[in-house]
Every structure is written in structure tokens, then in C-alpha cells.
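S.K.:
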Amino acid sequence: GSIVRANRALGTILLRKHEDLVGVDYATLTSGRGDHLTTALDEIVLGAADLVHLEHEVSGTTRPRHVQASIAAIRDEAGAPLYLFLQVQDVTAQRAAEERLRLSEERFRFLVDAVEEYAIFMLSPEGIVVSWNPGAQRSEGYRAEEIIGRHFRTFYPRELQEARHPEYELERALADGHYSEEGWRVRKDGSTFWAHVVITAVFDDAGQHLGFAKVTRDITTTRESQEALRQSEERFRLLVEAVGDYAIFMLDPEGHVMSWNTGAQRSTGYPSREIIGQHF
């Protein structure tokens, strides 16, 4: 495990003069990972491996510096190692970037998992479910292990499946970047709910299509409230229009006529087309 020859690049990475590295036991430069190096050397000497990898920090540095060492054996005709070739690469920036990415992904996962009002999950480019959050389980009824790996057409009524509407949604999302609609969806137990759906195409930095992000919200209660209000307003309108003995109409804040019932036409003589918009 002692260094026989070293180039200038090794000295730069290990923060030493390369000529001073000759004769140094490499294990002393691995910041406490000498036992891992010993194990790697044993594997090579015994013929269990021809190439081993080891990551360690650089000894004697104030700031953590990570390097990756690859050790390859050059053997004679009998298979015995003549010498070992050591290649060392500074991976400090790469590991820092990977850690930032891991933390970012972890924070995003925690955020998504904390959302219970929205079903948020990922689809493959073919429409296969590849992730599942608690909000999706709450609204759709499926546990993650029950739905991951299945096509998202599972959530659609049979007539929409037969019409290939789920595939159409993905086509529109891929073409336009996103697709949204409201419609009926089916839970695991067969019950239906009215959903607001947004599907967004996801691409990597190189522009390669990775899949789709799908956000679904159960708005059945909102729709029922809106429908109840609409029906109430419709009944009131029909009631007002049916009253012939009273002129009943609405004015805006400035006093212009906004609505006109049958009784108003009967008592004043104006049909609605002549009076709506005029001052009362």
C-alpha cells in the first residue's frame, strides 16, 4: 500500500508535493479509512478482485475534501499482482451537489407527503403511476403498493376509458405543456367524485421527457354547493317571471334596469328588450 510513484495531479489533490508522497503509506492519507484500504488490497492480492473503489476525505485539510480512489491490479502470467495502479479523483463538488439535490428532493417529498387535500403523483411517459402521496390515498382510496405500477386510466369511468380519454389527456399535456379539466373520477370502492385535474409534462434539463405530474382535487362538495345555488336561483327566476300581478325587477347601483319580469311588462307596457339598460 505504499506509494512508489506519484504525478503532480496526485500531489495537488492531496495537498502535498508529489515528490514527498513517494514511500508514504496511502492508508495514512485516507482520514481513518485505512482498514477499508487494507480490505481492498487483500481482495486484490488474493485475486478476488482486479478493480476496487474507495472514497475518503483528504487528511490534514480544514474543510472536508472528498476523493474517490480506484485501485487496479497489473498481474503477471501466474496471476500475482506485479504492482497496483491508483487513480484518484477529487469529487468534493460532485458530492456537495448530490447532497444538495438529496436535501432538495427530501424537502419536496416531505412537502408533497404533508398535503392531504390534493392527490399529487407522478406518471411515467406511458401513464403508469410511479409515485403516490397521502392526499392521493385519501381521495382515491388506493394505498401506494396497490396503485404504483398501474395505468392511471384506473381512475376513470369505463366510458372514458373506452374512449381513450386518459391517453388524450397525456397527448394534450405533452403537446401544450399542461392539461386541465373537471370531470368524474372513480375511487377504489367504485364510488365517484367530481375532480379538478391538472396534468403537467415534466422534462429534464436536456429536454428529455421524463413523465407527467398529476394533481387531482376532490371538488364534489363545491360542485354540489354551486349546483344547489344555481337551482335555487333558477327556481327564484321562474317564480319571479311567473308573477303577473307585480312588477318585479332589479336595478344596478345607479338605477338602471337590469332584469324585467312578466308583471313589469304587463303593468308598464315595456317589453324587456326596450327597458333593460335604461334608467328607471
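Position 251 of the sequence shown, counting from 1, maps to 323 under the working numbering, and the rest follow consecutively. The C-beta atom is built at its ideal place from N, Cα and C for all residues, glycine as well.
1. Measure the alpha-carbon distance for D122 versus A99 and round it to whole angstroms.
2. Leaving aside the five residues before and after V329 along the sequence, list all residues of the same chain whose C-beta is less than 7 Å from its C-beta, in chain order.
3. How about H125 and V163: are their beta carbons less than 9 Å apart?
4. For T264, name the three-state secondary structure that DSSP assigns.
5. Using DSSP with H/G/I as helix, E/B as strand and the rest coil, what is G283?
6. For I146, count neighbouring C-beta atoms within 10 Å of its own C-beta (all shown protein chains included) and say buried if the count is 16 or more, exposed if not.
7. Using only CA atoms, which one of D107, L195, T111 and E127 lies nearest to L282?
8. List in chain order: all unbroken beta strand (DSSP E) runs of 3+ residues lying wholly within the region 223 to 261.
9. Is S74 buried or exposed, if buried means 16 or more other CB atoms sit within 10 Å of its CB?
10. Pick out the complete alpha helix (DSSP H) segments inside the region 291 to 337, 4 residues or longer, and give them in chain order.
11. According to DSSP, which residues form a beta bridge with A141?
12. Whole angstroms are fine: how far does the CA of G213 sit from the CA of E241?
13. Check the C-beta distance from L101 over to L86 and give it rounded, since I have them as a contact under 8 Å.
14. I'd like to check one pair, S211 with R259: are the Cβ atoms closer than 9 Å?
15. For R230, count the other beta carbons within 10 Å of its own beta carbon; 16 or more makes it buried, fewer makes it exposed. Which is it?
16. Just to confirm before moving on: does the CB-CB distance between A144 and Q159 stay below 9 Å?
17. Could you say which of A216, E189 and A245 lies nearest to V201 if we only look at CA atoms?
18. With a threshold of 16 other CB atoms inside 10 Å of the CB of D276, please say whether the residue is buried or exposed.
M.R.: In terms of the structure at hand:
1. Taking the sequence shown and counting its residues from 1, the one referred to as residue 122 is at position 50. Taking the sequence shown and counting its residues from 1, the one referred to as residue 99 is at position 27. Cα to Cα, D122 sits roughly 19 Å from A99.
2. Residue 329 sits at position 257 when you count from the first residue of the sequence shown. Around V329: F321, L323, I347, I348, G349, Q350 and F352.
3. Within the sequence shown, the letter at position 53 stands for residue 125. Within the sequence shown, the letter at position 91 stands for residue 163. In this structure, V163 does not lie closer than 9 Å to H125 by Cβ.
4. Counted from its first residue, the sequence shown places residue 264 at position 192. DSSP places T264 in strand when its eight states are reduced to three.
5. Position 211 of the sequence shown, counting from 1, holds the residue named residue 283. Strand.
6. Looking up residue 146 in the sequence shown gives position 74. Exposed, since its Cβ has fewer than 16 Cβ neighbours within 10 Å.
7. The residue labelled residue 282 in the question sits at position 210 within the sequence shown. The candidate whose alpha carbon is nearest that of L282 is L195.
8. 250 to 258
9. Locating residue 74 in the sequence shown gives position 2, counting from the first residue. Classification of S74: exposed, given that the 10 Å Cβ count is below 16.
10. 292 to 314
11. On the sequence shown, position 69 is the one that residue 141 refers to. A141 pairs with L126 and V160.
12. Working through the sequence shown from its first residue, we reach residue 241 at position 169. Working through the sequence shown from its first residue, we reach residue 213 at position 141. Those two C-alpha atoms are separated by around 22 Å.
13. Start at 1 with the first residue of the sequence shown, and residue 101 comes out as number 29. Start at 1 with the first residue of the sequence shown, and residue 86 comes out as number 14. Correct: roughly 6 Å between the Cβ atoms.
14. Numbered from 1 along the sequence shown, position 187 holds the residue referred to as residue 259. Numbered from 1 along the sequence shown, position 139 holds the residue referred to as residue 211. Between R259 and S211, the C-beta spacing is below 9 Å.
15. Position 158 of the sequence shown, counted from the first residue, corresponds to residue 230. R230 comes out exposed.
16. The residue you call residue 144 lines up with position 72 of the sequence shown. The residue you call residue 159 lines up with position 87 of the sequence shown. Yes, the pair counts as a contact, with Cβ atoms nearer than the cut-off.
17. As a first step, residue 201 must be located in the sequence shown, where it is residue number 129. For V201, the nearest C-alpha among the options comes from A216.
18. Taking the first residue of the sequence shown as 1, we reach residue 276 at position 204. Burial call: exposed.
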